[in-house]
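Note sheet for the following structure.
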Amino acid sequence: MSRVMRQMPVRAGRAGAAGGEAAREPASDETRGPRHEHRGTGSVLLQAALTRENLQRAWKRVRANKGAAGVDGLDIDQAAALLKTEWPAIRERLRQGKYRPAPVRRVSIPKPDGGERELGIPTVTDRLIQQALLQVPQPLLDPTFSEHSYGFRPGRRAHDAVLAAQGYVQSGRRIVVDVDLEKFFDRVNHDILMDRLRRRVDDPAVLRLVRAYLDSGIMVDGVAQQRYQGTPQGGPLSPLLANVLLDEVDRELERRGHCFVRYADDCNVYVRSRCAGERVMALLRRLYGKLKLAVNEAKSAVAGVAGRKFLGYSFWFGKGGVQRKVAAKALLAFKQRVRELTRRSGGRSMAQVVERLRVYLLGWKAYFGLAQTPRVWRELDEWLRHRLRSIQLKQWKRGSTIHRELRRLGATAAIARRVAANSRCWWRNSGMLLNAVLNLAYFDALGLPRLC
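Everything in the sequence shown is counted per my numbering, starting at 10 for the first residue and increasing by one.
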């Protein structure tokens, strides 16, 4: 199968650029694998994608990811029932190169820092096909990408990118060239992307199918609109295609010996001076310009690392050197989400409120567990429990109910009377008076995770 992938030299990041040589030499005719297409059955890669084992793995992944319905309105279970009868015909159209993907459904979701992000949701059937196709070339393409690239790659996480960035700052590179690409996934040029993919994949049938997905259009208000640029966020293939397109920028930065970290379309380059930073920023504008991508000038900057965020983290300088912390915007987003999950007028029991919180808190803690700020964790824990105590008081409502429940939980008669006498002052009463009653053990018993 690897014979249909163009032979791309694998480099170890800056080591491959130490001598100033080009990051990648053009593949000669001798190094390219021959074109392989089975008569009437498609390509080698497509045949591998359509094997029973690969499709089963792809379906497990699609089902685990859940996701909304596409333009056909079918959810996972409904699509599964349909595919039991329709899949043989779909598979045959894929093999003959006659399959046409459905348009994606446009969905807008709010960004944490304001504005909206547009997602393109493929049908479940198209998600299955994309996932099955992704699983075949990804193991062959991934080793050819820069070691400075961390987004959407097997065995690499956002935590690895943050730690790499911290290492560069610790080495004395305290100026960051923070580049934000303007609506990257919506602005990807189809012709340029296909050209870069063609350099790596020598399989016409797969290339035609990828192009069909790019050209499938987007459904807006019930009308399918043709797209001439963009690879919709929401499709399994989009992250791999993004790495294919942006890898040449990574290689040029490597060739010049720069220290940088890229996660999808977020790229930070670390330098020792603002002068050097401005030169790198000018270089990146040119490199991205060649790909017909625009730098978002409002969100990009050459600045000290302490004033910027990367993947939800920022850095601060303590006695132990460079430390990691949760970025200010991420903290605000956390509190806002907790408020949404714990609205006092929801009519839910405390156990139900905690259950809604539990999944979010565990995920948030797992992602931001790298933060080296125990004081912030304690403050968030205290704020969260204070809010839950306030909600509990409101649920009890009447002073007589508050008095009875507090006594049942072990409060002294004096504390119970004092809190019950001010039964409408939920937030104020949720402070020191209740700490000994609605304490850590109380919330532990309800299943509330601790942040510290």
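Don't be surprised by glycine CBs; every beta carbon is placed ideally from N, CA and C.
- Considered as a whole, the segment 293-327 harbours 310-313 and 322-327 as its complete beta strand (DSSP E) runs of no fewer than 3 residues, in chain order.
- In the three-state scheme derived from DSSP, where H, G and I count as helix and E and B as strand, residue 269 is classed as strand.
- When secondary structure is reduced to three states using DSSP, residue 63 falls in the helix class.
- Listed in chain order, the non-local C-beta contacts of residue 287 below 8 Å within the same chain comprise 311, local neighbours out to five positions each way being set aside.
- Just measuring C-alpha positions, the residue of 216, 397, 381 and 64 sitting nearest residue 329 is 381.
- When C-alpha distances from residue 212 are compared across 265, 148 and 56, the shortest belongs to 56.
- Here the segment 212-222 does not lie against the segment 307-323, with fewer than 3 beta-carbon pairs under 8 Å apart.
- Taking a C-beta distance under 8 Å as the contact criterion, residue 303 and residue 191 qualify as a contact pair.
- Shown here for residue 67: same chain residues with a beta carbon closer than 7 Å to its own, the five before and five after excluded, namely 137, 140, 141 and 144 in chain order.
- In the DSSP assignment, residue 330 falls within the unbroken beta strand (DSSP E) covering 330-335.
- Within the segment 113-154, the runs of beta strand (DSSP E) that reach at least 3 residues and sit entirely inside it are, in chain order, 113-119 and 125-130.
- Between residue 134 and residue 85, the C-beta gap is not smaller than 8 Å, which leaves the two residues out of contact.
- Taking every protein chain shown into account, the CB of residue 334 has 16 or more other CB atoms within 10 angstroms, so this residue is buried.
- In this structure, residue 114 places its C-beta atom within 8 Å of the C-beta atom of residue 130.
- If you check the CB distance, residue 197 and residue 238 come in under 8 Å.
- Beta-bridge pairing by DSSP links residue 234 to 227.
- Taking every protein chain shown into account, the CB of residue 411 has 16 or more other CB atoms within 10 angstroms, so this residue is buried.
- If you draw a straight line from the Cα of residue 93 to the Cα of residue 344, it is about 45 Å long.
- Residue 205 places its beta carbon less than 8 Å from that of residue 257.
- In terms of CA proximity to residue 244, 79 leads the group 79, 461 and 426.
- In the DSSP assignment, residue 252 falls within the alpha helix (DSSP H) that extends over 247-264.
- Residue nearest to residue 186 within the set 351, 409, 371 and 316 is 316 (criterion: CA-CA distance).
- By the CB criterion at 8 Å, residue 401 and residue 460 fall outside the cutoff.
- Under the 10 Å beta carbon count, residue 453 is surrounded by fewer than 16 other beta carbons and is classified as exposed.
- Nearest C-alpha to residue 271 among 194, 307, 420 and 171: 171.
- Assignment of beta-bridge partners to residue 184 by DSSP yields 280 and 313.
- Non-local beta-carbon contacts of residue 360 in its own chain, meaning distances under 7 Å to residues more than five positions away in sequence, involve 455 in chain order.
- Each of 178, 404, 425 and 269 was checked against the Cα of residue 415, and the nearest Cα belongs to 425.
- The beta carbons of residue 368 and residue 457 sit about 12 Å from each other, so the pair does not count as a contact at 8 Å.
- The beta carbon of residue 357 sits closer than 8 Å to the beta carbons of 365 from its chain, once the five residues preceding and following it are set aside; these are given in chain order.
- Distance from the CA atom of residue 398 to the CA atom of residue 391, rounded to whole angstroms, is 11 Å.
- Taking the Cα of residue 54 as reference, the smallest distance to any Cα among 96, 150 and 82 is reached at 150.
- The DSSP-derived three-state label of residue 210 is strand.
- Ranked by how close their Cα comes to the Cα of residue 89, the residues 229, 375 and 69 have 69 in first place.
- Excluding sequence positions up to five before and after residue 221, its CB lies within less than 6 Å of the CB of 110, all in the same chain and listed in chain order.
- 146 is the residue among 227, 103 and 146 whose C-alpha sits nearest the C-alpha of residue 252.
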